[in-house]
Each structure stands twice: as C-alpha cells, then as structure tokens.
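**Student:** Take a look at the following structure, please.
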Amino acid sequence: MIELKSADEIDRMAVTGQFVGELLAELSRVAAVSVNLMDVERHARRRIEERGAESCYWDYAPSFGRGPFRNVLCLSVNDAVLHGLPHDYVLRDGDLLTIDMAVGIDGWVADSALSFVVGTPDPADLTLIEATEVALEAAIAAAQPGGRLGDVSAAIGEVARSYGYGVNGEFGGHGIGRTMHEDPHVSNSGRPGRGMKLEPGLTIAIEPWFCRSTDKIRYDADGWTIRSADGSRTAHSEHTVAITPSGPRVLTRRPAPETTPADSTGRPAAAA
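Just so you know, the sequence shown maps onto residues 1 to 272 in UniProt numbering.
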C-alpha cells in the first residue's frame with residue numbers, strides 16, 4: 001500500500017532528513033585514515049541517542065540477512081557496496097567508503113547514503129562516485145508530479161550506461177515515510193513513461209549504486225555485506241525525496257562542506 005503524505009507530514013520528514021544529512025556530513029569527516037570502522041559506528045550511535053532519534057537498522061531482520069542487524073550504520077569498504085556490516089577494520093589510505101543510514105524522529109523516517117575516498121583517491125574511484133551522484137541528481141530531476149516512476153529509473157540507467165557501468169536490478173530504492181521500506185520499489189533501470197504515476201505526497205528513497213566492472217554481486221559469510229562479484233570497487237549515493245506539486249523536494253541534503261575542493265579527498269565539493 002502506498003501512503004501519500006500531506007505537506008505537514010513531509011515537513012516532519014524533512015526534520016529527520018536534515019538530521020540525517022548533517023550526521024552523514026559529520027561522519028564523512030570522522031572517517032579518516034587510521035580510524036576504525038567501529039569508532040565511526042559508535043560516533044553515530046552517540047549522535048543518534050543525543051538527538052532522541054531511533055535507528056531503522058537496529059534489529060532490522062529482512063529475509064536476506066543473517067540474524068538481526070545490530071548496528072546503526074551500513075559501512076561498506078571498497079568492493080562492498082550495500083549493507084556493509086561494521087566491524088573491526090582500520091581505514092587505509094585510498095579506501096573507498098560508503099556510509100548508509102536511516103533514522104526515525106517522532107515517527108518519521110529518512111534514509112541517505114554517500115560514498116567518498118579516505119585519503120589519497122584513485123581517479124577511477126572518483127569517477128565511479130561521480131557517476132552515482134550524477135545519476136542521483138538526474139533521477140531527482142525526473143521525479144516530477146504527473147510523471148512516471150519509470151522516468152526516475154530510466155534516468156539512473158541512462159547515466160550508468162553513459163559512464164560505462166552496468167546496473168544490477170536486485171536492489172534499488174524504495175518508498176519511505178513511517179517506516180524505512182514502503183512501496184513502491186524504485187529500480188535503478190527502467191523505461192520512461194512506464195510505471196505508477198508520481199503524485200504529490202509520494203516519498204521515496206532514490207539510491208543508484210554501481211560496480212566498476214560488473215553488474216553481479218555476492219554476499220559475505222555474515223549474510224549482510226554485499227560486494228561486487230569480481231572484487232571491483234563500488235559506490236552508492238542516496239537521498240530521500242518527496243514529490244510535491246511544484247516538483248521534487250530533497251529531504252536529506254547535506255550542508256555545504258567547510259572546505260573545498262573535494263578533488264584530493266573524494267568528498268563532494270558542494271552539498272550533495
């Protein structure tokens with residue numbers, strides 16, 4: 001069932017989205033060379049508790065996981081792209097890290113992810129990250145009232161192909177609002193003009209993710225962490241977006257970084 005949200009409800013989701021965006025920006029500064037992933041996880045736990053928010057990941061137990069997820073972040077490194085299980089790993093120079101988080105505040109949820117390079121970047125990694133960010137912005141631009149869900153999916157697929165990347169159809173975006181995962185599914189590839197009509201009040205998480213040289217994935221023994229099948233690097237970008245009468249409204253925009261540019265760090269040079 002798809003629930004269309006009122007303008008007031010979208011404003012309440014935006015409160016959560018602002019917190020998610022701000023915390024992701026903060027975590028991207030915390031995650032540096034020689035920092036343990038568990039320190040990033042613990043930092044997020046503390047901030048979420050201080051805000052009075054609730055993690056949507058804690059105790060999350062879908063069919064594909066092995067036991068409940070007992071963390072507040074997905075931390076995916078290098079060839080890991082989705083659902084990376086935080087663990088005892090010290091970040092190294094040149095690691096490509098994806099941070100994904102979803103929280104609820106006062107009953108309203110927001111979900112967002114970003115990828116960046118820790119330390120010295122490989123230009124190919126920056127291009128991969130850029131592709132997910134460009135695809136995300138193209139999909140947001142396509143999320144117009146009166147359009148079709150296929151317009152959003154097609155925009156992602158078109159950008160992926162323009163960069164030479166394949167698209168895996170097993171995982172994509174989703175509806176969001178009172179819970180982390182609601183209808184509809186938002187594929188990362190599709191046909192324009194097809195699918196459900198985009199009506200004001202629809203709230204969705206759009207999340208393009210690409211692997212550098214494959215569209216196949218494999219699972220770690222932990223049952224959670226999803227990696228590229230060939231071990232190539234991966235990247236993932238995500239925002240929570242509301243369809244409004246005047247167009248798409250991004251609810252999880254991050255604040256502009258304190259320093260620029262991102263060329264030497266892999267972090268976005270402007271709010272993404």
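Cβ coordinates follow ideal geometry from the N, Cα and C atoms, glycine included.
Identify which residue in 147, 118, 161, 200 has its Cα closest to the Cα of residue 131.
**Tutor:** Along the sequence shown, one-based indexing puts residue 131 at 131. The option with the nearest alpha carbon to residue 131 is 161.
**Student:** In the DSSP assignment, the beta strand (DSSP E) including residue 176 goes from what residue to what residue?
**Tutor:** As a position in the sequence shown, residue 176 is number 176, starting the count at 1. Per DSSP, residue 176 belongs to no beta strand (DSSP E) and is neither H nor E.
**Student:** Starting from residue 9, trace the alpha helix (DSSP H) in both directions and tell me its first and last residue.
**Tutor:** The sequence position of residue 9 within the sequence shown is 9, counting from 1. Taken as a continuous stretch (DSSP letters only), the alpha helix (DSSP H) holding residue 9 covers 7 to 30.
**Student:** How far does the alpha helix (DSSP H) with residue 127 in it extend, from its first residue to its last?
**Tutor:** Residue numbering aside, residue 127 sits at position 127 when the sequence shown is read from its first letter. Element bounds for residue 127: 123 to 142.
**Student:** Jot down the residue ranges of each uninterrupted beta strand (DSSP E) in the region 223 to 257, minimum 3 residues, whole runs only, in chain order.
**Tutor:** 226 to 228, 234 to 236, 239 to 244, 247 to 250
**Student:** Give the DSSP-derived three-state secondary structure of residue 4 in the structure shown.
**Tutor:** Numbered from its first residue, the sequence shown carries residue 4 at position 4. Of the three classes helix, strand and coil, the one that applies to residue 4 here is coil, per DSSP.
**Student:** Tell me residue 182's beta-bridge partners as DSSP assigns them.
**Tutor:** For the purposes of this step, residue 182 is taken as the residue at position 182 of the sequence shown. Partner(s): 175.
**Student:** If you draw a straight line from the C-alpha of residue 23 to the C-alpha of residue 172, how long is it?
**Tutor:** Numbered from 1 along the sequence shown, position 23 holds the residue referred to as residue 23. Numbered from 1 along the sequence shown, position 172 holds the residue referred to as residue 172. If you take the alpha carbons of residue 23 and residue 172, they lie about 23 Å apart.
**Student:** What residue range does the alpha helix (DSSP H) around residue 110 cover?
**Tutor:** The sequence position of residue 110 within the sequence shown is 110, counting from 1. Residue 110 -> not in any alpha helix (DSSP H); beta strand (DSSP E) instead, spanning 108 to 117.
**Student:** Would DSSP call residue 159 helix, strand or coil?
**Tutor:** Taking the first residue of the sequence shown as position 1, residue 159 is located at position 159. Residue 159 falls in the helix class under three-state DSSP.
**Student:** Note the first and the last residue of the continuous beta strand (DSSP E) segment covering residue 80.
**Tutor:** Sequence index remark: in the sequence shown, residue 80 carries index 80 (1-based). Here the beta strand (DSSP E) through residue 80 covers 80 to 82.
**Student:** For residue 201 versus residue 37, is the C-beta spacing smaller than 8 Å?
**Tutor:** Walking along the sequence shown from the start, residue 201 turns up at place 201. Walking along the sequence shown from the start, residue 37 turns up at place 37. No, the pair does not count as a contact, with Cβ atoms beyond the cut-off.
**Student:** Within 10 angstroms of the Cβ of residue 170, are there 16 or more other Cβ atoms? Answer buried if so, exposed if not.
**Tutor:** The residue given as residue 170 occupies position 170 in the sequence shown. Classification for residue 170: exposed.
**Student:** Using alpha carbons as the reference points, say which of 84, 90, 92 lies closest to residue 101.
**Tutor:** The count along the sequence shown starts at 1 and reaches residue 101 at position 101. Closest by alpha carbon: 84.
**Student:** If I'm right that residue 114 touches residue 99 with Cβ under 8 Å, what's the distance once you round it to whole angstroms?
**Tutor:** Counting from 1 along the sequence shown, the entry for residue 114 is found at position 114. Counting from 1 along the sequence shown, the entry for residue 99 is found at position 99. Indeed they touch by this definition, with Cβ atoms about 6 Å apart.
**Student:** Taking only three categories from DSSP, how would you classify residue 44?
**Tutor:** Within the sequence shown, numbered from 1, the residue matching residue 44 stands at position 44. Reduced to three states, the DSSP call for residue 44 is helix.
**Student:** Applying the criterion that 16 or more other CB atoms from any shown protein chain within 10 Å of the CB defines a buried residue, is residue 64 buried or exposed?
**Tutor:** For the purposes of this step, residue 64 is taken as the residue at position 64 of the sequence shown. The residue in question, residue 64, is exposed, as its Cβ has fewer than 16 Cβ neighbours within 10 Å.
**Student:** Go ahead and label residue 265 buried or exposed: buried means 16 or more other beta carbons lie within 10 angstroms of its beta carbon, across all protein chains shown.
**Tutor:** On the sequence shown, position 265 is the one that residue 265 refers to. For residue 265, the predicted model reports a pLDDT of 42, less than 50, meaning its position is unreliable; a value from the coordinates is still stated below. Burial call: buried.
**Student:** Touching or not, the region 126 to 142 and the region 40 to 59, by the rule of three or more beta carbon pairs under 8 Å?
**Tutor:** no
**Student:** Is the CB of residue 3 under 8 Å away from at least one CB in chain C?
**Tutor:** Protein chains in the displayed structure number just one, and chain C is not present.
**Student:** So, helix, strand or coil for residue 76, using DSSP?
**Tutor:** Along the sequence shown, read from residue 1 onward, the residue named residue 76 stands at position 76. Correct three-state label for residue 76: strand.
**Student:** When the Cβ atoms of the region 181 to 201 are set against those of the region 150 to 161, are three or more pairs found closer than 8 Å?
**Tutor:** yes
**Student:** Spatial neighbours of residue 89 within its chain, please: C-beta separation below 6 Å, excluding the five flanking residues on both sides.
**Tutor:** Along the sequence shown, one-based indexing puts residue 89 at 89. The residues are 37.
**Student:** Alpha carbon to alpha carbon, how far is residue 294 from residue 128?
**Tutor:** Residue coverage of the chain in this structure runs from 1 to 272, which leaves residue 294 outside it and unanswerable.
**Student:** How should residue 203 be labelled, buried or exposed, when 16 other C-beta atoms within 10 angstroms of its C-beta is the threshold for buried?
**Tutor:** Reading the sequence shown from its first residue, position 203 is the one you call residue 203. With 16 or more Cβ atoms within 10 Å of its Cβ, residue 203 is classed as buried.
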